[in-house]
Structure formats: structure tokens, C-alpha cells
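Protein chains in written order, with our numbering: chain A, 17 to 984; chain B, 66 to 300.
Glycine residues also receive a C-beta, built at the ideal position from the N, C-alpha and C atoms.
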Amino acid sequence: MSDLVKIGQSRRNFLKVLGVSTVAAGCADPQKEIISPHFKESSNQIPGNAVWYNSTCGECRSHCGITVRTREGRAVKIEGNPDHPTNKGGLCGLGQSALQALYDPDRIREPLLRTDGTDSMGNPKVIWKPVSWKEALNKVASAMVEPGKKRYFFTGETSGSLDSLLNDFVKSLNMKRVTYDPMEAVELAESSELVYGTYGIPRFRFDKADLIVSFGADFLETWISPTEFARDWATRRKESKPPMHFQIEPRLSLTGAKADKWISVKPGTESLFAAAVLKRLTHKADSELAPKLEKLTNKIDFNKVAKECDISVSHIYTVASKLLETKESIVVAGGAPGRSEYGKSLQVIVAFINLVLGNVGRSVIPSSVRRPATSLLEVSKSIEEINKGGVGVVMFHGTNPNFALPSAYGIKLALEKVKPGLVVSFSSIMDETTALADVILPVHHSLEDWGDSDIPSGGRSLTQPTMNPIFSTKSFGDLLIILANGVDKKEVAGGKETFKDYIQARWNVSASDWRKFVEAGGEFKNTDQSLTITTDAKAFNIKLPEKHGDELTVLPFFSVKSFDGRAANRAWLQEIPDPLSLVVWDSWAEIHPLTAKKLSLKTGQIAKIGNRFGELNIPVVVTEQVKDGVIAVPIGQGHEEYGRFAKVVKGGNVYNLLSPAKNGSRYLPLTNAAVSVDLSPRRDKFVQSQITEDQMGRKIAKTKFLNPDGSKWVNKAAKPYHPHPEAAQLYEQRKHPLYQWGMTVDLAACTGCSACVVACYAENNIPVVGKDVAYQGREMSWISIHKYVEGTGEELTVSLQPMMCQHCQNAPCEPVCPVYATYHNEDGINAMVYNRCVGTRYCSNNCTYKVRRFNWFEFDIPETYQWQLNPDVTRRTVGVMEKCTFCVQRINEAKDKAKDEGRKVKDGEVKPACVQSCPTQALTFGNLLDKDSAVSKSSGEKRAYKVLDTYINTQPSVSYLENHKYKV
Amino acid sequence: MIGVCIVGFNVFRNFFYYIVILVSLGASCLFAQTPEHYKETEKLPLSEIDAYPDYPVAGKRAGVWNNGQAAFWDLDIIDYFRLFGAPERARGYKPEQPIKFSHVVHVQKNRVDCTYCHWNVSKSSYAAIPSVETCMGCHSQVKAADKPEWAAEIEKLTEYFNKGEQIPWVKVHVMPAYVRFNHKRHVKAGVACHECHGQVGEMPVVERVSSMKMGWCIDCHRARGASIDCYTCHY
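Here is the structure:
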């Protein structure tokens with residue numbers, strides 16, 4: 017339209033012309049919306065109403081009880097089962113994210129057969145051919161019974177009916193069962209056998225102790241049964257004189273961040289420290305035990321130990337004297353730092369300490385329910401045997417040794433030698449081990465399957481299917497029975513045809529009781545466990561470490577986000593920042609400032625960390641939260657298979673840096689890998705979710721320090737703080753007729769585990785943005801854990817604070833919206849109406865707490881993830897602001913139900929997703945107008961304060977209870 | 066003629082584009098046709114309005130709240146000439162259904178209660194159409210052999226049932242995605258079916274008799290003392 021230019025065409029006129037054509041286009045054909053009813057009415061499924069199923073989580077070995085919300089036959093949200101004795105209603109982030117494993121877009125959907133082909137360039141490539149179940153099972157069955165061949169079954173840890181079925185299966189088919197779970201605390205079970213006479217992981221009661229001493233055991237994150245321990249620990253933390261907590265480890269974990277004192281020792285020397293402490297306690301032992309313990313510890317020289325651990329000797333005396341003065345204590349050891357070569361010695365010494373102090377039977381209860389079968393010795397022996405040839409079949413289920421074993425073990429080469437034998441993988445995820453298989457038989461996720469497990473405190477937990485299988489997978493138990501029956505070994509399953517029948521027969525209860533247990537999620541009862549202690553003489557022959565080297569070592573640790581890498585393919589867990597390093601979508605190496613200076617590395621630079629076994633190319637985080645000379649790297653990233661969200665994180669697998677175990681050890685030592693560090697040629701973005709960890713003198717996350725006797729510790733060196741006087745209000749205050757929703761967050765109980773964040777993502781259809789958009793600071797989380805650091809060296813204090821929309825009564829965001837899309841409703845909630853928002857973003861500009869999130873893009877959700885979306889929450893399009901709504905869909909649902917019954921909403925009836933999921937119940941929600949509600953009581957506590965309210969008078973509806981720590 | 070155009074173009078060149086728009090709008094009126102959503106869908110074979118004289122007939126919009134108007138300017142003609150936006154949200158939307166199900170027969174002749182088929186309107190926030198099995202409850206026996214056009218429709222239904230397929234009914238009362246309407250709450254509050262849906266018993270083909278615009282909803286909420294908080298419906 018060149019004539020437009022001639023007559024001085026302006027942009028406005030051009031747009032008017034465009035407007036005409038758009039009008040013409042608007043007269044399009046009508047769009048039809050199809051409404052398809054059910055074919056058959058179901059008695060318990062009314063479209064629009066949720067159906068809840070009780071089951072058991074299968075993400076780790078704690079087996080917490082869950083209740084799953086299903087809508088129209090699809091599981092959409094997992095919550096903790098309040099009646100289950102292990103977790104009592106809380107659920108960790110890993111459990112919440114199980115839905116993303118169920119709906120994984122890269123899940124294997126049907127049996128696959130490996131065929132070798134070539135890609136477009138002529139390079140050899142594996143082509144997976146989908147086959148029918150009949151063909152796949154026939155192939156496997158014929159390989160299983162080939163005479164004269166060796167057969168192996170590599171499994172993860174199993175319990176209950178699956179354990180018994182698997183053991184019968186391998187026995188009758190003459191297979192060797194090799195168990196390998198990298199996280200299972202084998203050395204703890206072995207030490208329990210040596211010292212207490214009971215093989216199995218003991219039960220720990222953190223609520224029955226006034227003093228907690230932990231040698232590396234991150235009991236609030238990943239150790240043994242974190243949800244249970246966090247809950248018990250938190251019940252005592254909320255008191256005005258909480259238990260004192262010492263954490264002795266080379267890297268500050270979340271557990272260490274909550275401790276009163278973090279003693280940073282060199283990795284591998286915890287056993288020396290513990291032995292020194294034991295030496296101070298031997299006089300408390302009984303007459304039979306005392307001389308043996310004295311003999312064990314008499315060579316200990318406190319000053320030498322302090323030098324080896326690289327700490328001040330006074331720390332040993334402090335810990336020992338505190339243990340002596342406190343009547344009820346608990347001493348634990350483990351985690352990744354506890355997995356040194358001397359890990360078993362550490363556990364034995366700690367077991368003796370507990371025995372001497374009288375903790376056994378009260379806070380440490382030997383138990384034979386959870387018996388680890390993991391044995392690295394068996395794994396390496398089996399790999400050697402496989403290398404020798406003559407193998408008929410090697411099966412894998414629930415374990416990924418090609419990733420979780422150092423490359424030095426050579427399992428990849430061994431499996432490549434199995435031909436003409438068969439490598440079979442019972443896995444629904446294409447992990448590194450499954451990628452080497454010849455036949456893949458995909459199995460159900462635990463949400464689609466039957467199963468059971470034994471609860472350590474007594475009773476049994478039951479897993480039931482919460483929905484029909486999505487893809488053409490089969491239950492693992494069913495497959496074992498089909499294979500056994502198919503090769504004429506019917507006695508394996510005892511004549512049963514399905515795994516469900518097998519479980520039911522094994523439970524041996526009446527039909528009505530069975531139905532009751534299925535509905536409840538298990539049989540919950542307390543079993544009185546009688547206690548007899550018999551100490552083995554071998555316990556006194558443990559070896560202690562000698563000289564510790566001075567070289568740079570790498571310390572792999574189990575991360576709260578992905579444990580040992582099993583959750584690396586879940587988009588939520590990659591996107592949610594690690595609470596202590598704040599890194600998203602990446603792996604990282606934590607390095608102390610002194611070491612970083614020597615290596616001239618800064619935060620964000622990518623370092624090449626390598627030794628003769630392998631190398632990593634990962635970004636560096638310079639922080640005081642790790643011992644100098646130690647490089648802490650999280651386990652679980654660097655997958656080469658495992659799905660699109662795991663593969664996108666490059667850098668390398670930290671397991672590959674480790675050397676094989678020596679001396680027939682059953683577990684893999686993690687702390688002895690010496691490395692050299694250089695700047696890496698790799699260049700990539702490095703994303704942390706916060707720009708600064710400094711509170712800048714504002715009291716955002718408050719910590720009150722206490723003297724050991726419980727009185728307040730006054731910092732004489734600090735400047736006097738004059739709090740602002742109570743502000744007089746200029747405007748008329750709001751009146752709430754029926755409800756005023758409010759929340760309290762107890763910072764003493766919050767561990768920073770981020771379960772609330774995952775729960776919020778699951779409940780509110782929050783999109784995952786990916787690394788590039790997160791780099792711009794545009795992640796979409798409605799609640800996030802903010803981390804602040806104060807002090808340095810011995811005075812280091814890390815504060816973790818969940819921050820969500822504060823629903824201010826005097827909100828700065830409400831008056832500035834030009835279209836009234838955000839306003840204050842009569843229930844006290846700051847409401848956000850998506851369809852009215854025009855995307856001015858003034859509200860986010862004004863928000864003091866920066867909790868508003870703008871949809872800068874239309875985010876693509878993979879098709880299978882769309883099945884997880886909560887139908888009660890609107891999916892926001894591009895250009896619309898969103899933020900925490902206090903789960904208004906749950907509030908409306910509760911009000912609806914209450915109105916049906918003609919009453920008001922009861923206290924505790926409505927719980928937003930974050931409040932419901934918190935393993936420590938640090939969050940409380942309810943009606944502030946009701947003086948008897950839990951939230952009114954906790955908002956009125958002495959510890960309660962509101963963030964920034966005294967500065968700017970926003971009057972938030974969320975109160976925080978300040979953290980308290982002893983000054984030791 | 067050309068000269069006039071050239072002169073006119075130069076004189077009025079600042080308003081040229083306004084004139085183009087007005088003229089084209091005016092011209093479009095000459096070519097106006099009945100909008101798609103207002104067309105009478107194919108009439109059912111037997112004329113049924115007069116077929117059941119003893120049923121009290123009041124006109125299909127009788128009893129609808131505010132006669133289906135959101136406000137005084139919300140006249141039928143606005144939805145008739147709906148130039149842009151979704152036609153399925155206009156009054157007079159009468160889509161063709163896969164099976165020519167006639168409410169007239171079932172309500173006026175057989176006197177079936179609304180909640181016999183639409184049983185979960187008081188149990189869930191999403192109102193649902195009855196399942197195929199509900200239909201077959203009667204129609205496995207009722208084949209209407211004496212009326213061949215009706216028998217053909219029942220044959221279609223039986224085919225869906227035999228194949229195990231759901232019937233793809235076209236939704237008439239469509240709400241935009243940002244509205245969360247709670248059906249159970251309205252039924253329990255005592256709102257009669259015809260106040261929103263009109264006299265469905267007089268519709269051979271289900272038609273939308275109310276625009277269901279927000280103003281219409283707020284009007285009734287105000288009159289009856291229900292909540293007009295935004296968060297009640299838009300969350």
C-alpha cells in the first residue's frame with residue numbers, strides 16, 4: 017500500500033483498516049462444544065466430584081500413607097494419609113511429585129524389543145520395536161528356563177508380599193537375586209546386629225529426646241524415613257525450650273541448617289569424633305561393657321582427633337558434656353557423609369553411645385522390620401560372573417546400576433557380553449540400565465498397582481490402584497506370577513493367578529476386614545516390641561581411620577529434590593530450587609571461599625572436576641556451607657537417559673568419580689574420591705532463584721537465640737533495635753462478616769524441604785517454565801522457600817522461610833489495578849480474577865513481597881502432564897497475573913459442602929495444598945475470626961510476627977512464628 | 066465519476082478510512098443473512114407443538130429470569146446479529162444434535178421429570194447429560210415401531226449402545242472457560258429449572274433462551290441475596 021506512505025499514513029489509521037478485516041473474519045462458523053456423558057453411570061463417580069483412594073507411596077522405602085484425589089478416573093493430587101502412623105498426613109516433595117512419574121511423557125507404554133539399526137547418518141542406533149505382551153513374555157520365559165545357564169535378578173529393596181514373591185520366584189527358578197539400592201543404610205542394619213543383636217534398621221523417635229546429635233544423618237531430608245522424623249522432630253521444636261541439636265558433618269544440609277550447632281569436620285573423620293565422644297562416656301556403661309569400650313577407645317588422643325577432623329578440641333568436650341548432662345538424647349549417624357570406608361565403624365560407635373546413654377528402647381528402638389538386602393559385594397561378584405559368560409537371563413527391576421554405580425564396576429560392558437542370553441528390564445522408564453536391555457516389560461506405577469509393606473511401628477500398609485492403567489503396562493507382581501505359571505512353577509504363587517489375590521491370601525484376614533483395610537490404606541496397629549540386647553564380640557574389633565589425606569575430595573550428597581537420582585525426570589523437581597544452593601535445572605558443586613580462592617573460581621563458573629575414573633563439568637557455588645577442601649556435589653543429575661527433563665541437565669554423573677568399594681563392603685563409600693579442579697571449556701547459563709541471601713538488616717526471617725537454659729540470649733555487640741511503634745490507622749478497617757482466612761508459618765518447624773512448593777505446583781496447575789525462562793527470573797511458583805544467611809564461620813545462621821501471597825488487609829497491589837482484577841474479598845483473601853486482568857503488571861510492581869507471577873508466555877504442557885491438571889483450577893493464559901489464592905477452590909468446595917449440611921466451615925476442614933502437605937505441619941490455616949481455631953491461637957503466640965508489617969503497614973493475613981536456636 | 070472519486074479522495078483523505086468502514090458496514094446490511102446460530106434446524110418429522118393439547122403450554126421463554134435479558138439494552142437483536150464472539154453463547158443457539166431427541170415427547174407426552182434423567186444436577190457442581198445406559202433403560206423396550214421417523218432415531222441410539230460409544234451431544238448452554246458455575250448450589254437454593262433453561266418441555270430441539278451474560282446472573286443474585294463476590298464464580 018505505497019500510496020499510504022504518500023498521504024502520510026499513520027500507524028493509527030493502518031490499525032483501523034486492520035480492524036475492518038478482523039471484523040469481517042469474526043463472522044465465522046459457530047464452534048461446537050461436545051458434551052459426552054458417561055456410557056454407564058457409575059455409583060461412586062459423579063462427574064465433578066472427586067473420589068479419594070487411600071494407598072501407600074512407593075517413591076522411597078519409607079512407605080508413607082497417601083490418599084489420592086481422583087477426578088473422572090484420573091489421579092490429580094496426592095496427599096498424605098492422616099491416619100497412617102508413619103507420616104500422619106504430611107508428604108514430602110518426592111511423594112507429591114509421583115504424579116509426574118505416573119504421567120511421564122517419556123514413559124514406556126508397551127513392551128519393547130531391542131533391534132539394532134542405523135540412524136540417518138549410518139551410525140549404529142538401537143531401534144525399539146513395540147511387540148505384544150504375548151510375544152515378549154514368551155521370549156523371556158524361554159530364556160528363563162534355558163538349561164545350564166546362570167540367571168540373575170537385580171532388584172531394589174522390596175518388602176512385604178513383593179519381597180516374599182520375588183524370593184520364591186528366584187529360588188524356584190534357580191536365579192541369584194542381587195539387591196542394590198544406593199540409599200539404603202546397610203551399615204546401620206549391620207551395626208544394629210553387632211551391637212543390639214537385631215538385624216534391621218532401628219526405629220528412631222526424635223520426639224523422645226531433649227538432645228539430638230547427628231553425625232551426617234540428614235534425618236529431615238532423605239535419611240531412612242524423613243517425613244516421619246521431621247514430624248516427630250517438629251512436635252518438640254514448637255515448645256519454648258526445644259531439644260538442642262548438634263550436627264557434625266562436612267557439608268551443611270537442611271538438617272544442619274536447623275541445628276543449633278554445625279560442627280564441620282573433614283569427610284570420613286566422623287567416626288573418630290564419635291569414638292572420642294564415646295571415650296568420654298565409657299564410665300557410664302555397665303560393668304560388663306565398660307572395660308571392653310575402654311579397650312576400644314583407649315588409643316584415642318583428643319588433640320590428635322581434633323587435628324584429624326580439623327576442628328577445635330573444645331567441640332568434642334562440648335558434645336560429650338552435653339550428652340552426659342541430658343537424660344534423654346538420641347545420637348544418629350549416616351547420610352552421605354556417614355558413608356565413608358569407616359561408615360560401619362561409625363554406626364557401631366554411635367550404637368554403643370546410645371546403649372551407654374540408655375537411649376535404646378526409648379528413642380532408638382532396634383527393629384527387624386526393615387531389613388536391607390543391598391550388597392555391593394554381591395553386585396560386583398555377579399558382574400564378574402556375568403563377564404565370564406554362560407548367562408541365560410539377567411533381569412532388572414527397581415534399580416538402576418548403570419547410573420548408580422561408578423563406571424569402574426563395568427556393568428555396561430558386562431551386560432553387553434550377555435548375548436545370546438537375554439537382558440530383561442521390568443521398568444516403565446527408559447533409564448540407563450533399561451537402555452541396555454533386550455526386552456523391556458513396562459510395569460505399573462505404584463499408583464496403578466497393588467502392593468503392601470510392613471510398618472516399623474506395627475501393622476501393614478496397603479497399596480491399591482487409584483486409577484486404571486494408563487498405558488499397556490502390567491503389574492510387576494502379576495508378571496512374576498504369569499512367568500512362573502508359564503514355566504510350570506505354579507507353587508511360586510501358591511496357585512494364585514494375580515498379585516492382588518496373592519497379597520490377600522498372605523494377609524489372611526476375613527473378606528470384610530480386607531475391604532476395611534483396603535479403604536483405610538492398611539492395617540494400622542501398634543505392636544509392642546520386646547527388647548533383648550546381645551552384643552557381638554566382633555563389634556569391638558572395628559577399625560578407625562588413620563591419617564586423612566589433604567587432597568581435594570568430592571563429597572556426593574543425597575539431595576532433597578531427587579534423592580539418588582530417581583526423580584530427575586520430573587519437571588517440578590528440576591524447576592523447584594534446591595533450598596540451600598537455590599540452583600534450578602542444574603547440578604552444582606559447593607566450594608568453600610578459601611578453596612575457591614585457591615582455585616580462582618567464582619559462583620556461576622563451570623568447573624571441570626575430575627579424576628582418573630571420570631569427570632564432571634558443573635557450575636560452582638561458592639559458599640561457607642561446606643568444609644574447605646571439600647567439594648559437595650548433589651547425587652542424581654547427569655543422566656544420559658531417563659527422560660527429557662533429566663537429559664536436559666548436562667554436566668556428568670557424580671557416581672562416576674567414585675572408586676569401587678574395598679574389603680567386601682556391602683555399601684558404596686562416597687567420601688574418598690580425590691579430584692582435581694580446573695575451569696571447564698563448557699559454557700552454560702547458571703540459574704539461581706535468588707539474587708541475594710542478605711536480609712539487609714530487615715527482620716524478614718527472624719531467629720531468636722536462646723541460652724542453653726532456655727532464656728533469651730542477648731547480642732551485646734549488636735546495635736540497639738527500636739521497633740516501630742504500633743501504627744495508628746488512617747482509614748476505616750475492613751470488616752469480615754463470616755470468615756477471615758489467615759495462616760501462620762512456624763519457622764522453627766519449617767525445614768525448607770519444599771514439599772509445600774511441589775504440592776502447590778500439583779494443585780494449582782502451575783506451569784514449568786524451563787531453564788531459559790527461569791534465568792530471566794520468571795519462574796511461576798506461587799510459594800517459594802527463601803533462604804537468608806547471616807554471620808560467618810562458626811556464627812553462620814541459615815534461615816529458610818516459605819513466602820507466599822500474604823493476602824494483606826492493606827494490600828499495595830489492590831488500589832493500583834486499573835480494571836479491578838484484583839481486590840479484597842469479604843473473606844479476607846486478596847482475590848485475583850484472571851479474566852479481568854489486562855496485564856498492566858502494576859500490581860506486581862507494587863507488591864512488597866514480590867509474590868505475584870506474570871504469565872509472560874503461553875506455556876506448553878506435554879500431553880500426558882495435562883491429565884494431571886486439576887480441573888477445579890483455571891489454567892491461566894498468557895498476559896494474566898497469578899498468585900497464591902489460599903487454594904480458593906478448596907475453600908469454595910468446603911463452603912459448598914458446609915452449606916449442604918447447613919453449617920459453617922469447621923476449623924481444619926479446609927487446608928490449602930501447602931498446609932496439607934507440610935511434613936512438619938509448620939503451616940496452619942483457618943478462620944481468624946474464630947477465637948478457638950488453631951490459626952488464631954498460633955497467631956497470638958509470643959513468637960508471632962508479620963513480615964515487614966511494622967515498616968509499611970500492609971497488615972498481612974500470614975503470621976510467622978520466629979525461629980529459635982540455642983547459642984552454643 | 067472518476068473525477069468525483071479523485072476529488073472526494075483528496076478532500077476527505079483524513080477521514081477516508083472511516084468512510085470505507087461505514088460504507089462497507091452499510092453495504093453488508095444489504096447482504097445480511099440469518100446468522101448460523103439462529104437458523105431453524107431441521108424440523109422434527111412430526112409437528113409436536115400441537116400434538117399434546119392437554120399439556121399447559123406457555124411459550125418457551127416463560128418463567129425465565131428477566132426474560133433472559135442481562136439489562137434493558139440486551140435485546141434479542143444483539144444476539145441475532147452477533148458479529149463477533151462465540152455464536153454458541155448467543156440466544157437462539159439451536160445446534161443440531163446427533164440424535165433428534167425431542168424433549169416435547171418425553172416431557173409433554175411421557176411426563177418424565179427433569180431429574181429422572183438429569184439426576185446429578187443437585188449432586189455436583191457440573192451438571193451432566195444422562196448416560197447412554199439411562200436412555201436404554203426405557204428404549205431397550207420402547208422402539209416406537211409404529212412411527213418410522215422416531216424408530217430411526219431410537220435405532221441410532223441403540224447403535225451407540227451396542228458399539229459401547231458415548232453419544233456426542235452438542236452443548237447448548239456453553240459457558241466461557243473462566244466462569245465456574247456451581248449447578249448444585251443453584252438447585253439447592255431453589256432455582257427452578259425453567260428459570261434459566263426456559264420451558265425445555267416445549268422445545269423439539271433444545272434452544273438457548275437466555276444469553277446467560279454476567280449481568281443477567283448478577284441481577285438474580287442481587288434480587289435473591291446471593292453472593293456477588295467475584296471469587297464465587299471466577300477463580
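Exposure label - residue i; buried when at least 16 CB within 10 Å
{"i": "Ser18 of chain A", "result": "Its pLDDT being 36, under 50, Ser18 of chain A is placed unreliably by the model, and nothing is read from it."}
{"i": "Lys899 of chain A", "result": "buried"}
{"i": "Pro458 of chain A", "result": "buried"}
{"i": "Arg27 of chain A", "result": "Because the pLDDT of Arg27 of chain A is 49, which lies under 50, any placement of that residue in the model is unreliable, and the number read from its coordinates should be weighed accordingly. Burial call: exposed."}
{"i": "Gly111 of chain A", "result": "buried"}
{"i": "Lys735 of chain A", "result": "exposed"}
{"i": "Lys104 of chain B", "result": "exposed"}
{"i": "Phe170 of chain A", "result": "buried"}
{"i": "His102 of chain B", "result": "buried"}
{"i": "His299 of chain A", "result": "exposed"}
{"i": "Pro831 of chain A", "result": "exposed"}
{"i": "Phe442 of chain A", "result": "buried"}
{"i": "Ile82 of chain A", "result": "buried"}
{"i": "Asp465 of chain A", "result": "buried"}
{"i": "Asp876 of chain A", "result": "exposed"}
Nonlocal neighbours in the same chain, by C-beta distance under 6 Å from residue i, ignoring five residues either side
{"i": "Phe245 of chain A", "result": "Phe222, Phe235"}
{"i": "Val395 of chain A", "result": "Val194, Tyr196"}
{"i": "Gln932 of chain A", "result": "Glu95"}
Distance CB(residue i)-CB(residue j) smaller than 8 Å
{"i": "Ser71 of chain A", "j": "Ala583 of chain A", "result": "no"}
{"i": "Lys981 of chain A", "j": "Phe721 of chain A", "result": "yes"}
{"i": "Ser383 of chain A", "j": "Pro242 of chain A", "result": "no"}
{"i": "Asp454 of chain A", "j": "Arg130 of chain A", "result": "yes"}
{"i": "Val142 of chain A", "j": "Val440 of chain A", "result": "no"}
{"i": "Lys200 of chain A", "j": "Arg77 of chain A", "result": "For clarity, residue 200 of chain A is Glu in the given sequence; the question names Lys instead. Yes, the Cβ-Cβ distance between Glu200 of chain A and Arg77 of chain A is below 8 Å."}
{"i": "Gly713 of chain A", "j": "Gly652 of chain A", "result": "no"}
{"i": "Asn34 of chain B", "j": "Asp284 of chain B", "result": "In the structure as shown, chain B starts at 66 and stops at 300, and residue 34 of chain B therefore has no counterpart that could be examined."}
{"i": "Gly216 of chain A", "j": "Ser208 of chain A", "result": "yes"}
{"i": "Arg892 of chain A", "j": "Asn862 of chain A", "result": "no"}
{"i": "Val409 of chain A", "j": "Met819 of chain A", "result": "no"}
{"i": "Pro422 of chain A", "j": "Pro676 of chain A", "result": "yes"}
{"i": "Val229 of chain A", "j": "Val335 of chain A", "result": "yes"}
CB contact below 8 Å: residue i versus chain C
{"i": "Gln162 of chain B", "result": "Here chain C cannot be found, since the structure's protein chains are A and B."}
Same chain, Cβ closer than 7 Å to residue i, neighbours up to 5 away in sequence not counted
{"i": "Ala193 of chain B", "result": "Asn185"}
{"i": "Ser190 of chain B", "result": "Asn247, His248, Lys249"}
Closer than 9 Å between beta carbons: that is the criterion. Which residues of the stretch 936-969 of chain A meet it against chain B?
none
Could you give the uninterrupted runs of the beta strand (DSSP E) lying entirely in the stretch 428-488 of chain A, keeping only those of 3 residues or more?
438-441, 467-470, 475-479
Which runs of the alpha helix (DSSP H) fall wholly inside the stretch 356-410 of chain A and span at least 4 residues, in chain order?
359-373, 392-403
Residues of the stretch 44-71 of chain A whose Cβ lies closer than 7 Å to any Cβ of chain B, in chain order
Asp45, Pro46, Gln47, Lys48, Glu49, Ile50, Ile51, Ser52, Pro53, His54, Phe55, Lys56, Glu57, Ile62, Pro63, Gly64, Asn65
If you scan the stretch 547-601 of chain A from start to end, which runs of the beta strand (DSSP E) of 3 or more residues do you find wholly inside it?
569-574
Taking a cut of 7 Å between CB atoms, which residues from the stretch 186-213 of chain B lie near chain A?
Lys188, Ser189, Ser190, Tyr191, Ala193, Ile194, Pro195, Ser196, Val197, Glu198, Thr199
Considering only residues of the stretch 256-320 of chain A, which uninterrupted alpha helix (DSSP H) runs meet the minimum length of 4 residues and lie entirely inside it, listed in chain order?
270-274, 286-297, 305-313
Could you run through the stretch 281-292 of chain B and flag, in chain order, every residue whose CB is less than 9 Å away from some CB of chain A?
Ser292
Could you pull out every unbroken alpha helix (DSSP H) segment of at least 4 residues lying fully inside the stretch 825-888 of chain A, listed in chain order?
858-862, 879-882
Select from the stretch 846-876 of chain A all residues with a C-beta closer than 9 Å to any C-beta belonging to chain B, and list them in chain order.
Ala847, Met848, Val849, Tyr850, Asn851, Arg852
Within the stretch 39-95 of chain A, ranges of the beta strand (DSSP E) (whole runs, at least 3 residues):
66-72, 81-87
Residues in the stretch 895-922 of chain A with C-beta within 9 Å of chain B's C-beta atoms, listed in sequence order?
Thr901, Val904, Gln905, Ile907, Asn908, Glu909, Asp912, Lys915, Asp916
Quick one: which unbroken alpha helix (DSSP H) runs of 4-plus residues sit fully inside the stretch 117-166 of chain B? Chain order, please.
141-145
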